Amino acid sequence: ATIAHALEKTKYEDSDVKWKELDPKYHFSCQFMADTVAMNSSDFIITSTYQEIAGSKDRPGQYESHAAFTLPGLCRVVSGINVFDPKFNIAAPGADQSVYFPYTEKDKRLSQFHPAIEDLLFNKADNNEHIGYLADRKKPIIFSMARLDVVKNLSGLVEWYAKSKRLRNLVNLVIVGGFFDPSKSKDREEMAEIKKMHDLIEKYQLKGQFRWIAAQTDRYRNGELYRCIADTKGAFVQPALYEAFGLTVIEAMNCGLPTFATNQGGPAEIIVDAVSGFHIDPLNGDESSNKIAEFFEKCKVDPSYWSVISASG
1 ATIAHALEKT
11 KYEDSDVKWK
21 ELDPKYHFSC
31 QFMADTVAMN
41 SSDFIITSTY
51 QEIAGSKDRP
61 GQYESHAAFT
71 LPGLCRVVSG
81 INVFDPKFNI
91 AAPGADQSVY
101 FPYTEKDKRL
111 SQFHPAIEDL
121 LFNKADNNEH
131 IGYLADRKKP
141 IIFSMARLDV
151 VKNLSGLVEW
161 YAKSKRLRNL
171 VNLVIVGGFF
181 DPSKSKDREE
191 MAEIKKMHDL
201 IEKYQLKGQF
211 RWIAAQTDRY
221 RNGELYRCIA
231 DTKGAFVQPA
241 LYEAFGLTVI
251 EAMNCGLPTF
261 ATNQGGPAEI
271 IVDAVSGFHI
281 DPLNGDESSN
291 KIAEFFEKCK
301 VDPSYWSVIS
311 ASG
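Heads up: the sequence shown at position 152 corresponds to 152 in full-length UniProt numbering, and the numbers run straight through without jumps.
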């Protein structure tokens, strides 16, 4: 069996054509061939979504991208995989309902975490767990939580927010992910993203509007964190350049957070745009930030709109 979880080929633009340039860092020549051999050698393949197999009308699926490709100067793959093969199976993961439940279920809320979450979000001191602060606590919070790497695009979200006066006037931004100190990371890509985050904070003077929280591992507290963000009438944003499934999207929606998620990958199947959440284009930051701003402007005029999207997730 093969459960690839994350095939890298579609995540980096022109990764096959540019393999020589990228190989010292990512070893794509070895990885792409190993993935192709593995999927063809398997008796059955487990995937999370249809998009992972066959993509959409605008983008090939992760497996489909291995059907035919060239690594210039190395090899050409023809008939690399048949995406119509019945050995493909879709088993969509879900979120634990005992952990990720709606913010409205007051009797189930994990109130023992509230003091720690209050500190996590609003304590103005910088420490090993959080930096930056939110000067205006009355503003809703847009929130994202992921690994700090290029594909997850957290730094991209920070840049969208930083460049949008419209969005900065409406909401605060809270990001959960990675370390603050590059020396604590062993991953070159994460180190570069950490530096980029610090550069954005300084360049756009984000202090007072942006909170960066280090990676969190307690899923029970994380579940309550989603709900506390919902208490502020905020939203969850998943800005990945590509996302095979999008478990945090499911978690956030289960907790009642209106969710904006990448249109590249699995979240496009999870969310019905403008009904149960919103699709955003991770390659068009201006369009995405305007879409988020329009939602919050509409909520200011009609507060019930937030509840409609929240309940539909």
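The beta carbon of each residue, even a glycine, is placed where N, CA and C say it ideally should be. Given the structure is predicted, the values throughout are model-derived calculations rather than measurements.
Just curious, the beta strand (DSSP E) that His114 is in, first and last residue?
Your numbering for residue 114 matches position 114 in the sequence shown. Premise fails: His114 lies in the alpha helix (DSSP H), 114-122, not in any beta strand (DSSP E).
Considering only C-alpha positions, which residue in the set Cys228, Ala67, Ile90 is nearest to Ala116?
By one-based count along the sequence shown, residue 116 stands at place 116. When each option's Cα is compared against that of Ala116, the closest is Cys228.
Kindly provide the ranges of any alpha helix (DSSP H) runs that are 4 or more residues long and lie completely inside the region 152-189, ordered along the chain.
Listed in chain order, the complete alpha helix (DSSP H) runs (minimum 4 residues) inside the region 152-189 are 154-163, 165-170.
By DSSP's criteria, Gly277 is part of a beta bridge. Which residues make up the other side?
As a first step, residue 277 is located in the sequence shown; it is residue number 277 there, counting from the start. The bridge partners DSSP lists for Gly277 are Asp273.
Do you know how far the Cα of Gln264 is from the Cα of Arg59?
Position 59 of the sequence shown, counted from the start, is the residue given in the question as residue 59. Position 264 of the sequence shown, counted from the start, is the residue given in the question as residue 264. Roughly 8 Å separates the two Cα atoms.
Report the three-state DSSP secondary structure of Gln31 (helix, strand or coil).
For the purposes of this step, residue 31 is identified with residue 31 of the sequence shown, where counting begins at 1. If DSSP states are grouped into helix, strand and coil, Gln31 belongs with the helices.
Can you give the beta carbon distance from Leu148 to Tyr161, rounded, assuming they're within the 8 Å contact cut?
By 1-based counting over the sequence shown, the position of residue 148 is 148. By 1-based counting over the sequence shown, the position of residue 161 is 161. Not a contact, Cβ separation roughly 16 Å.
Which of the three DSSP states, helix, strand or coil, is assigned to Arg236?
Here residue 236 is taken as the residue at index 236 of the sequence shown, counted from 1. In the sequence as presented, Arg is not what sits at residue 236; that position holds Phe. Secondary structure at Phe236: strand, using DSSP grouped into helix, strand and coil.
Quick check: Ile45 and Lys87, are their CB atoms within less than 8 Å of each other?
Counting from 1 along the sequence shown, the entry for residue 45 is found at position 45. Counting from 1 along the sequence shown, the entry for residue 87 is found at position 87. Yes. Within cutoff.
Is the beta carbon of Glu251 closer than 8 Å to that of Tyr103?
Residue 103 sits at position 103 when you count from the first residue of the sequence shown. Residue 251 sits at position 251 when you count from the first residue of the sequence shown. Going by C-beta atoms, Tyr103 is not nearer than 8 Å to Glu251.
Boundaries of the alpha helix (DSSP H) in which Ser144 is found, first to last residue
Here residue 144 refers to the residue found at position 144 of the sequence shown. That residue, Ser144, is in no alpha helix (DSSP H); its beta strand (DSSP E) goes 141-145.
Residue interval of the alpha helix (DSSP H) (run including Asn254):
What you label residue 254 is simply residue 254 of the sequence shown in a count that begins at 1. Note, Asn254: alpha helix (DSSP H), 247-254.
Length at least 3, wholly inside the UniProt domain "Sucrose synthase first GT-B" (1-122): the beta strand (DSSP E) runs in chain order:
45-47, 68-71, 75-78, 88-90
What does a CB cutoff of less than 6 Å around Ala38 pick up in its chain, not counting 5 residues either side in sequence?
Here residue 38 refers to the residue found at position 38 of the sequence shown. Hits under 6 Å: Thr2.
Distance between Asp23 and Ala135 (C-alpha atoms, nearest Å):
Here residue 135 refers to the residue found at position 135 of the sequence shown. Here residue 23 refers to the residue found at position 23 of the sequence shown. If you take the alpha carbons of Ala135 and Asp23, they lie about 44 Å apart.
Could you check how far apart the C-beta atoms of Gly266 and Glu243 are, in whole angstroms? I think they sit under 8 Å.
Numbered from 1 along the sequence shown, position 266 holds the residue referred to as residue 266. Numbered from 1 along the sequence shown, position 243 holds the residue referred to as residue 243. Rounded, the Cβ-Cβ distance is 6 Å, consistent with contact.
Measuring CA to CA, which of Glu64, Ser310, Gly55 is closest to Ile32?
On the sequence shown, residue 32 is found 32 positions in, with the first residue counted as 1. At residue 32 the sequence reads Phe, which differs from the Ile that was named. Residue Glu64 is the option with its Cα nearest to Phe32.
Simplified DSSP state of Ala125, which is helix, strand or coil:
Within the sequence shown, the letter at position 125 stands for residue 125. In the three-state reduction of the DSSP assignment, Ala125 falls in the coil class, being assigned neither a helical nor a strand state.
Whose C-alpha, out of Glu297, Val301, Ala6, is nearest the C-alpha of Arg166?
Here the question's residue 166 lines up with position 166 in the sequence shown. Out of Glu297, Val301, Ala6, Glu297 has the C-alpha closest to the C-alpha of Arg166.
Residue range of the unbroken beta strand (DSSP E) whose run includes Arg211:
The count along the sequence shown starts at 1 and reaches residue 211 at position 211. Per DSSP, Arg211 belongs to the beta strand (DSSP E) from 210-213.
Let me know if Ala268 comes out buried or exposed under the rule of 16 or more other beta-carbons within 10 Å of its beta-carbon.
Walking along the sequence shown from the start, residue 268 turns up at place 268. Buried.
Residue burial classification, Gln62 (beta-carbon count within 10 angstroms, cutoff 16):
Counting from one through the sequence shown, the residue named residue 62 turns up at place 62. Gln62 is buried by the Cβ-count criterion.
Taking DSSP as the reference, what is the three-state secondary structure of Gly285?
For the purposes of this step, residue 285 is identified with residue 285 of the sequence shown, where counting begins at 1. Helix, per DSSP.
Output needed for Gly73: all residues of its chain with C-beta closer than 8 Å, excluding positions within five of it in sequence on either side, in chain order.
As a position in the sequence shown, residue 73 is number 73, starting the count at 1. Same-chain partners within the cutoff: Lys20.
Exposed unless 16 or more other CB atoms sit within 10 angstroms - verdict on His27
By 1-based counting over the sequence shown, the position of residue 27 is 27. So His27 counts as exposed.
So for Leu134, helix, strand or coil by DSSP?
One-based indexing of the sequence shown puts residue 134 at position 134. Leu134 falls in the strand class under three-state DSSP.
Cα-Cα separation between Asp16 and Ala34, rounded to whole angstroms
In the sequence shown, counting from the first residue as 1, residue 16 sits at position 16. In the sequence shown, counting from the first residue as 1, residue 34 sits at position 34. Approximately 14 Å between the Cα atoms of the pair.
Ordered along the chain, which non-local residues of its own chain (more than five positions away) have a Cβ less than 8 Å from that of Gln97?
The residue labelled residue 97 in the question sits at position 97 within the sequence shown. Asn254, listed in sequence order.
Tell me the DSSP secondary structure of Gly223 in three-state form.
Position 223 of the sequence shown holds residue 223. It is helical.
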